[in-house]
Structures are given as C-alpha cells and as structure tokens.
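Worksheet: one structure, shown below.
There are 2 protein chains.
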Amino acid sequence: MSIQARKERERAERERRIITTARELAEAEGWDAVTTRRLAAEIEYSQPVLYSHFKGLDAIMAVVAVEGFAELAQLLHEARVGATTPEQAVERVGRAYSDFADAHPALYEAMFIRAVDLPFATPQAPEALQAGYGELREAMSPLAGDDNVDVLTETFWGGLHGMVTLQRSRRLNPSTYGACIDLLIKRFIG
Amino acid sequence: MSIQARKERERAERERRIITTARELAEAEGWDAVTTRRLAAEIEYSQPVLYSHFKGLDAIMAVVAVEGFAELAQLLHEARVGATTPEQAVERVGRAYSDFADAHPALYEAMFIRAVDLPFATPQAPEALQAGYGELREAMSPLAGDDNVDVLTETFWGGLHGMVTLQRSRRLNPSTYGACIDLLIKRFIG
DNA sequence: ACTGAAATTCTAGCACCGCTAGCGCATCTG
DNA sequence: CAGATGCGCTAGCGGTGCTAGAATTTCAGT
Chain A
1 MSIQARKERE RAERERRIIT TARELAEAEG WDAVTTRRLA AEIEYSQPVL YSHFKGLDAI
61 MAVVAVEGFA ELAQLLHEAR VGATTPEQAV ERVGRAYSDF ADAHPALYEA MFIRAVDLPF
121 ATPQAPEALQ AGYGELREAM SPLAGDDNVD VLTETFWGGL HGMVTLQRSR RLNPSTYGAC
181 IDLLIKRFIG
Chain B
1 MSIQARKERE RAERERRIIT TARELAEAEG WDAVTTRRLA AEIEYSQPVL YSHFKGLDAI
61 MAVVAVEGFA ELAQLLHEAR VGATTPEQAV ERVGRAYSDF ADAHPALYEA MFIRAVDLPF
121 ATPQAPEALQ AGYGELREAM SPLAGDDNVD VLTETFWGGL HGMVTLQRSR RLNPSTYGAC
181 IDLLIKRFIG
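First to last, the sequence lines map onto chains A and B. Counting in full-length UniProt numbering, the first sequence runs from 1 upward without gaps. Counting in full-length UniProt numbering, the second sequence runs from 1 upward without gaps.
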C-alpha cells in the first residue's frame with residue numbers, strides 16, 4: 001500500500017501547487033493572467049491535468065477564495081479579541097477588513113467579486129466563510145440594540161464591501177478613502 | 001450637402017442601434033452574451049463595422065454606462081425633490097438607488113462594476129455621472145453636521161453599492177435585504 | 001519475467017473570443 | 001465615362017476554456 005500512498009501524496013502535492021500557483025499568478029498579474037495554458041506551463045504539466053483535479057478554472061479560483069476566507073477570518077478574530085471595548089472591536093474589525101482587501105486585491109476579488117458558484121448565506125457555505133462572518137457578527141452583537149444582529153452585520157459588511165470595491169475600481173476620490181472608512185465605522189458605532 | 005447629410009444620419013442611426021442592441025442584449029442575457037459577433041449579427045452588419053464606430057467592446061459598454069448614469073441621475077433627482085424633509089430625501093434617494101440597481105442589473109454592472117476606462121471622481125467624469133453624484137450630495141448635505149459632505153456622500157454611496165453588489169451576487173440572505181437597506185439609511189439619517 | 005489490463009498523461013482539436021489586414025465593390029468626382 | 005475615394009466585407013491571427021482519443025506508463029496475474 002506504500003506505493004499507492006506515495007502516488008496519492010504526489011497527487012495532493014500537485015494539487016497544492018496548482019492552487020498556490022494560481023494564487024501567486026493572480027496576486028502578481030491579476031486573474032486575467034490565470035489561464036489554463038499559463039497555469040499548466042507553470043506547474044510543468046499539460047492543460048488536461050488541471051481538469052483531473054478541478055472541474056474547471058472557476059473551481060480553482062473557488063479554492064483560492066476559501067483559503068482567503070480562512071485568512072480573513074483569522075485576521076478578524078485577532079482584531080476583535082484585541083479590543084477592550086465593543087466600540088473598539090467594531091473599529092478594529094472594520095479596519096482589518098479594509099486592510100485585508102487593500103493588501104490582497106486578487107484574493108479579495110476571488111472571495112467577494114468573482115466565483116459565484118460558492119454557497120454563501122447558507123449552512124452549506126464554507127466553514128471559513130462562516131467563521132469570518134461569525135467574527136463580524138460577534139463584534140456587532142453588543143451594539144445591536146433594537147436592531148436584528150444579522151441585519152446589522154450584513155449591513156456593516158455591505159458598507160465595507162462597497163467602499164472597498166469602489167476604491168479598487170478607482171471610482172472614489174483616493175484622498176478621502178481613509179476618512180470614508182472612518183465615517184462608516186463611526187456611523188455603526190454611534 | 002443633402003446626400004452627405006443622409007449618410008451621416010444613417011451612420012448615426014446605426015450607431016444608436018449598436019448601443020441599444022448592446023444594452024438590450026446585456027439586460028436580456030447578461031454582458032457575457034454581448035460579443036462582437038453576436039452584436040454584429042443582431043444589427044445585420046459584419047464585425048468590423050463595430051470598430052468604425054467604437055474603439056472596442058469596452059467603449060460600447062462605456063456608452064451604455066453613460067446612458068445609465070443619466071437615467072439614474074434623473075431618478076435620484078425626482079426622489080430628492082419629492083421629499084419634504086432632509087431625512088426623507090436621503091431615504092428616498094437611497095431607495096431609488098437600490099431600486100434602480102435591482103431593476104437594471106446589467107446596466108448597473110456596466111456603470112459601477114465593469115468598464116473601468118471611464119473617469120470617475122474627477123471633473124473629466126461624464127456629466128451625467130457628476131449629476132447623479134450631485135443629487136446624492138445634495139441630499140446628504142443638510143445632514144452632514146461636522147462631517148465633510150463629500151466624505152459623507154461617498155460613504156453612503158459606498159454602503160448602497162456594497163449592499164447592491166453583495167445582493168446581486170447572492171452573497172446575502174435574500175430575506176433580510178430590504179431590512180439591510182432600511183438600516184443603512186437609518187444609520188445615515190440619525 | 002512477461003503479457004494483458006488499467007490508469008495516467010499527452011497531443012491535437014473544437015468552438016468561441018476580440019480585433020484587424022486587405023480585398024472588392026459601390027459611390028462620387030472630374 | 002474613367003479614375004479616385006471610401007466603405008463594408010471576407011478571411012485570418014492569436015488567444016480563451018475545455019475535451020476526445022491516442023500514447024505512454026504503471027500495475028496485476030500467470
């Protein structure tokens with residue numbers, strides 16, 4: 001059975017290489033540069049090999065997205081537990097979200113702009129995604145008051161997402177972006 | 001000069017037909033269905049004709065987007081002037097924006113998600129776009145208080161845009177979407 | 001150790017994309 | 001009526017995601 005174990009291990013390694021190569025390529029040159037031919041050349045296999053691991057290019061992007069969900073969830077968690085007041089928690093979480101989007105634009109794109117075939121607001125959603133949402137929710141919860149916590153969480157998330165996407169597509173005045181994030185947070189703390 | 005006038009008129013009509021066909025096709029089947037071959041077939045000319053009118057497919061989408069800016073600006077204006085209080089103005093404008101996005105998803109996509117080659121937060125931006133922003137700004141202005149009006153306007157816009165885009169890509173719980181819009185507006189009125 | 005079977009990887013190709021060079025025809029000018 | 005001009009066409013380039021089927025490698029049974 002050792003020989004089969006080796007093959008499985010090598011196959012898993014190749015799959016990892018596909019994913020990390022896709023992510024690196026996307027972060028370096030954007031998702032448009034991540035083509036099946038390019039990816040295949042990069043891992044030094046032929047195109048059809050990709051399809052023995054994934055259903056298609058979208059599925060590869062989805063796996064990268066899930067990786068991103070995990071990293072974001074971790075960052076949001078650290079931001080939240082590092083706060084001393086509920087208000088500070090919201091502020092830190094909001095800033096962590098915005099910073100993450102700025103630091104990893106391609107990753108953010110896979111997570112929240114492209115890759116529609118992932119389930120989102122359901123129990124079938126990836127665990128890491130639910131964890132990230134949970135961090136946001138946990139931060140908002142003490143400040144909900146009469147408002148429904150999920151509505152509040154989704155709205156705050158929507159606000160952050162909107163700022164992030166308008167900023168990244170150069171639709172906002174760049175010089176006021178920071179002030180906008182500040183104001184958004186203020187409106188959800190008050 | 002009458003013969004040349006006729007030719008110019010016919011050429012302008014053909015250009016209009018390209019634009020309206022692109023928009024109709026996009027609204028009916030999404031922008032992915034708007035290909036040069038499809039568009040050419042629809043207007044009953046060959047592909048290269050498109051390039052005698054526009055630099056490329058992106059330019060066609062940009063023209064559709066500008067059309068959308070004008071329509072949105074008109075809707076926002078009507079919403080704003082139909083209000084009796086500053087708070088109601090913000091509420092009506094916010095709802096008009098969200099309703100517009102829901103009613104014309106492909107148009108909204110061209111305006112605020114794709115088509116990056118249009119100038120946005122500068123004086124070179126299309127007039128209709130500036131007009132739309134102006135309506136938003138006018139609505140927010142009375143409620144700015146100590147906050148910078150442009151920062152407030154961009155932030156409110158960002159919030160709306162975020163809700164709209166997360167909703168359209170099915171990343172939100174559909175049953176709470178309305179409540180989220182309500183809450184967002186409330187947070188910017190209070 | 002050798003041969004047939006099974007699994008794996010490759011080459012080659014499909015149908016499509018945006019875009020363009022350059023030919024042929026229709027129209028206008030002298 | 002001949003030549004020049006401009007317009008729309010056919011055909012093609014290099015690219016895309018994806019796949020059928022050949023070829024190679026690896027395994028299993030005698």
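Note that CB positions come from ideal geometry on N, CA and C, so glycine has one too. Keep in mind it's a predicted model, so treat the numbers as computed, not measured.
*asked:* Within 10 Å of its beta-carbon, does D146 (chain A) have 16 or more other beta-carbons around it, so buried, or fewer, so exposed?
replied: exposed
_Contact with chain B by G56 (chain A), beta-carbon distance below 8 Å_ = no
*Note down, in chain order, all residues in the segment 133 to 156 of chain A with a beta-carbon under 8 Å from any beta-carbon belonging to chain B.*
D147, N148, D150, V151, L152, E154, T155
_Three-state class that DSSP yields for G94 (chain A) in the structure shown_ = helix
*asked:* Contact criterion: CB-CB distance below 8 Å. Does T176 (chain B) meet it with respect to chain A?
replied: yes
*Roughly how many angstroms lie between the CA atoms of G162 (chain B) and V116 (chain A), to the nearest whole one?*
16 Å
*Would you mind stating whether F69 (chain A) and G132 (chain A) have Cβ atoms separated by less than 8 Å?*
yes
*Listing by chain order, which chain B residues have their CB less than 8 Å from the CB of residue 203 (chain A)?*
This structure gives no information on residue 203 (chain A), because the portion of chain A shown stretches from 1 to 190.
*Can you name the start and end residues of the alpha helix (DSSP H) that V49 (chain B) belongs to?*
47 to 53
*For T165 (chain B), which residues in chain A fall below 9 Å Cβ to Cβ?*
F112, I113, G158, H161, G162, T165
*Could you tell me if A96 (chain B) is buried or exposed, where buried requires 16 or more neighbouring beta carbons within 10 angstroms of its beta carbon?*
buried
_Residues of its chain near P126 (chain B), where Cβ-Cβ distance is below 7 Å and the 5 sequence neighbours each way are ignored_ = V66, F69, L118
_Give me the subset of the segment 68 to 96 of chain A whose CB atoms are less than 8 Å from a CB atom of chain B, sorted by chain position._
none
*Quick one: list the residues of chain A neighbouring F120 (chain B), beta-carbon separation under 7 Å, in chain order.*
R170, R171
*Euclidean distance between Cα positions of E13 (chain B) and G158 (chain B)*: 37 Å
*Can you give the beta carbon distance from L39 (chain B) to T21 (chain B), rounded, assuming they're within the 8 Å contact cut?*
6 Å
*On the premise that T155 (chain A) lies in contact with C180 (chain B), defined as a C-beta separation below 8 Å, what is that separation, rounded to the nearest angstrom?*
4 Å
*Measure the Cβ-Cβ separation of V63 (chain B) and I113 (chain B) and say whether it is below 8 Å.*
no
_Buried/exposed call for G178 (chain A), threshold 16 Cβ in 10 Å_ = exposed
*Is the beta carbon of V81 (chain B) sitting closer than 8 Å to the one on I185 (chain B)?*
no
*Of all Cβ atoms in chain A, is any one closer than 8 Å to the Cβ of F188 (chain B)?*
yes
*asked:* Quick check on DSSP: helix, strand or coil for F120 (chain B)?
replied: coil
*Assigned secondary structure, R114 (chain B) (DSSP; H/G/I helix, E/B strand, else coil)*: coil
*With C-beta atoms as the reference, is A101 (chain B) less than 8 Å away from W31 (chain B)?*
no
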